[in-house]
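For reference, the structure is listed below as structure tokens.
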Amino acid sequence: MTAGTNLADTRRRMPVSARWRRAVSNGRVTAALILLPPALILFTMFVTLPLGESAWYSLFNWNGYGTPSNFVGIANYERILNHSVFHIAVGNTLKIVAVSLVVQMPLALFLALLIYRKTPTNAAFRLVFFLPYILAEVAAGLIWSFVFDGNYGVTASIARSFGLQNVFILSNPDWAFAAIMTVIVWKYFGFHMMIYIAALQSVPQDQIEAARIEGASRWQVVRYVQIPHIRPAIAVSAFFAIIGALQVFDVIIPLTNGGPSNQTHTIVTYLYTFGLTRLNIGFGSAVGVILFVGAVTVAIFYQRIFMKRATA
Numbered sequence: 001m002t003a004g005t006n007l008a009d010t011r012r013r014m015p016v017s018a019r020w021r022r023a024v025s026n027g028r029v030t031a032a033l034i035l036l037p038p039a040l041i042l043f044t045m046f047v048t049l050p051l052g053e054s055a056w057y058s059l060f061n062w063n064g065y066g067t068p069s070n071f072v073g074i075a076n077y078e079r080i081l082n083h084s085v086f087h088i089a090v091g092n093t094l095k096i097v098a099v100s101l102v103v104q105m106p107l108a109l110f111l112a113l114l115i116y117r118k119t120p121t122n123a124a125f126r127l128v129f130f131l132p133y134i135l136a137e138v139a140a141g142l143i144w145s146f147v148f149d150g151n152y153g154v155t156a157s158i159a160r161s162f163g164l165q166n167v168f169i170l171s172n173p174d175w176a177f178a179a180i181m182t183v184i185v186w187k188y189f190g191f192h193m194m195i196y197i198a199a200l201q202s203v204p205q206d207q208i209e210a211a212r213i214e215g216a217s218r219w220q221v222v223r224y225v226q227i228p229h230i231r232p233a234i235a236v237s238a239f240f241a242i243i244g245a246l247q248v249f250d251v252i253i254p255l256t257n258g259g260p261s262n263q264t265h266t267i268v269t270y271l272y273t274f275g276l277t278r279l280n281i282g283f284g285s286a287v288g289v290i291l292f293v294g295a296v297t298v299a300i301f302y303q304r305i306f307m308k309r310a311t312a
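Position 115 of the sequence shown, counting from 1, maps to 115 under the UniProt record's numbering, and the rest follow consecutively.
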């Protein structure tokens with residue numbers, strides 16, 4: 001039995017009053033009394049109350065003006081679940097999750113393994129790769145909308161150089177969402193790369209050198225030494241990728257605004273287009289509640305299953 005286990009058992013056997021006096025003497029109660037109320041107030045004002053209001057408004061057919069009075073129950077939820085565009089939006093969101101996990105994260109890990117060492121050249125590469133993440137989402141969307149422009153953009157110049165007709169990628173239902181996913185990978189892979197670089201720099205160098213002395217190849221060092229050490233960072237990166245994919249909005253609006261023919265909507269752009277812009281606040285609130293429940297479910301499931309395995 002370890003010393004930590006003995007200490008835990010001793011604390012459990014202590015009377016409640018003794019444990020309370022010890023917590024007070026350590027300053028824990030004072031810190032909780034000072035720091036907890038402001039946090040609870042902010043959480044209540046900006047999370048609990050808006051969520052409760054959204055759940056209430058989702059039960060009404062309401063345009064946002066005055067007091068909601070046309071109670072419709074769960075009719076808004078039924079409309080959402082039977083709406084074909086919502087099915088497209090959910091499918092597109094799942095595609096972004098898949099691309100983030102299968103393309104974006106491996107790309108970020110590959111580049112991190114190449115430039116994680118502290119050298120001036122690697123620092124320059126890190127800056128270049130991280131710049132897209134610093135760029136505002138709307139600005140990134142506007143830049144890439146010019147790149148994909150079939151008349152005056154980079155795509156048009158490439159097509160003309162090969163003697164081809166102008167290609168309008170963002171107007172093509174078969175290619176528009178693939179272009180959006182390309183932008184998303186470009187925009188966010190630098191964030192995940194920096195997570196991996198920070199984790200790789202904490203891997204003990206003596207273990208890497210010992211593996212090399214034993215004759216391990218570069219790939220074997222990566223697979224059996226470095227990746228096991230950075231598994232918690234990979235788990236955190238995957239969590240951010242999944243939650244971020246559920247919130248994609250700012251990149252899509254300047255690129256396609258959900259078009260063509262509503263083929264590039266995500267859940268958030270669907271909420272914006274069919275809820276806010278059409279002054280159907282009750283309907284939009286129902287979409288928000290569905291998104292919140294889905295995000296919380298994913299977060300709880302991921303934290304309890306994958307994060308525990310990664311840190312075990």
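Quick reminder that beta carbons are idealized off the backbone N, C-alpha and C, glycines included.
{"Check": "For Y302, does the three-state DSSP call read helix, strand or coil?", "Outcome": "helix"}
{"Check": "Provide the residue(s) that pair with F60 in DSSP beta bridges, ordered along the chain.", "Outcome": "F71"}
{"Check": "Taking the straight line between their C-alpha atoms, what separation do you get for N122 and L111?", "Outcome": "10 Å"}
{"Check": "Tell me whether N76 sits in a helix, a strand or coil according to DSSP, three-state version.", "Outcome": "helix"}
{"Check": "Using the beta-carbon count (16 or more within 10 Å), is E137 buried or exposed?", "Outcome": "buried"}
{"Check": "Alpha carbon to alpha carbon, what distance is there between R126 and Y302?", "Outcome": "29 Å"}
{"Check": "Quick one: residues in its chain with C-beta nearer than 8 Å to the C-beta of I290, no 5 flanking neighbours on either side, listed in chain order?", "Outcome": "Y77, I80 and I267"}
{"Check": "Within 10 angstroms of its Cβ, does G4 collect 16 or more other Cβ (buried), or is it exposed?", "Outcome": "In this predicted model, G4 has a pLDDT of only 46, less than 50, meaning its place in the structure is not dependable; the value taken from the coordinates is given anyway. Looking at its Cβ environment, which holds fewer than 16 other Cβ atoms inside 10 Å, G4 is exposed."}
{"Check": "Grab me the residues of A199's own chain with a C-beta within less than 6 Å of its C-beta, minus the 5 sequence neighbours each way, in chain order.", "Outcome": "I230 and A233"}
{"Check": "Can you look up P260 in the DSSP assignment and give me helix, strand or coil?", "Outcome": "coil"}
{"Check": "Would you kindly work out how many angstroms separate the C-alpha atoms of I158 and A176, rounded to a whole number?", "Outcome": "18 Å"}
{"Check": "Using alpha carbons as the reference points, say which of T256, Y272 and L36 lies closest to D149.", "Outcome": "T256"}
{"Check": "Identify the continuous alpha helix (DSSP H) that holds A156 and give its terminal residues.", "Outcome": "V154 to S161"}
{"Check": "Tell me the rounded alpha-carbon separation between I243 and I253.", "Outcome": "19 Å"}
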